[in-house]
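As structure tokens, the structure follows; a few thoughts come after it.
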Amino acid sequence: MSKAKKLSKPKKLNNWFEYDWQFEGADALFGVDQDFFSELDKHGKSLITMVCTSKHNELKISELKAYERAKNSIVNIKKKGLNISYVGFIETMNIVRYYFYTDNCDNLGVLENMFKAHKRIALDCRQDEKHSFYTTVLYPNAAKRHTELNREQILAYKRRGDNIDAPRKINLHMYFPSEPLRILFEEEARLAGYAIGEAEFTMEYEQPHGVVVHKISSLNKHEIDAVTTGIITAAEKYEGVLMFWDSAFVPVRKGF
């Protein structure tokens, strides 16, 4: 997905965010214009999806460039009265989907005429009165945001010479607004397969009551994302947050 990520990120969006997640049971790269969130009421309530499919088992760079140009032709459309806002994309192994909001689905006909010669581009439109697809699928929650923090931290370990494929104990530092909420969380985390470590108290934090929970994992991003997503989801029920995680450094063994 790394090649696609470089291609899919628009250069002109100041508050663009990309992250790894699952879509329809497959690994996917998501991109979203976060500025759209604060201006939902200003935009249309019809969701247009542009589905671009590869000829191959995996999207090629040449295909992604062509689909980016097709998407940009919608972004840059100047037809009078056609109000369309590009809000994000979801890219899986052989399909990239681009998402737009517009005033009504009547506008779909104009776009279909633009791409009627493209056999691997399909468009559809549906009403989305509350912009639910954007807010619940595209827009990143805490767990989704942490996948990018994971990427940065894993890269830092790797640059130091860590064997990121080696399993080790991951220490997740969780914080809560009160001790009773922290204790309730601990029981749920234990049932979810996390080991409970020492309690912490950090007066400087807005949520000062902490605990370290542990999970055995490599630093493979897919595994770490699953670890942080699981614990963030469990903590949210008790108003808790994952402040950070750390682990022992496992150097690459030379000669192997």
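Per our numbering, the sequence shown starts with residue 1404, numbered consecutively.
Just so it is clear, CB atoms sit at the ideal spot from N, CA and C, and this is done for glycine as well.
As the structure is a prediction and not an experimental result, all values here were calculated from the model.
Legend entry - Supposed close pair Glu1626, Gly1613 - CB separation, criterion 8 Å: Actually they do not touch by this definition, with Cβ atoms about 24 Å apart.
Legend entry - Proximal residues to Val1454 (C-beta, below 6 Å), its chain only, five neighbours per side dropped: Arg1500, Ala1525
Inset, instruction - Starting from Ser1620, follow its DSSP beta bridges and name the residues at the other end. - result: Arg1571
Inset, instruction - Would you identify the three-state DSSP class for Tyr1560, choosing helix, strand or coil? - result: helix
Inset, instruction - Per DSSP, which residues does Ile1451 bridge with? Please list them. - result: Phe1503, Cys1528
Legend entry - Selection from Cys1528, Ala1595, Lys1445, Ile1493 that minimises the alpha carbon distance to Asp1509: Cys1528
Legend entry - Helix, strand or coil at Leu1487 according to DSSP, with G and I counted as helix: The sequence as given places Ile at residue 1487; Leu does not occur at that position. Looking at Ile1487 - three-state DSSP - the assignment turns out to be strand.
Inset, instruction - Run the CB neighbour count on His1534, radius 10 Å, all protein chains shown included, and call it buried at 16 or more, exposed below. - result: buried
Legend entry - 8 Å Cβ cutoff met for His1617 and Ile1573: yes
Inset, instruction - Can you give me the Cβ contacts of Thr1456 inside the same chain, cut-off strictly under 6 Å, excluding the 5 residues immediately before and after it? - result: Ile1498, Arg1523
Inset, instruction - Could you tell me which residues DSSP puts in a beta bridge with Phe1579? - result: His1612
Inset, instruction - Figure out for me which residue from Leu1462, Asn1486, Val1653 has the closest Cα to the Cα of Arg1562. - result: Val1653
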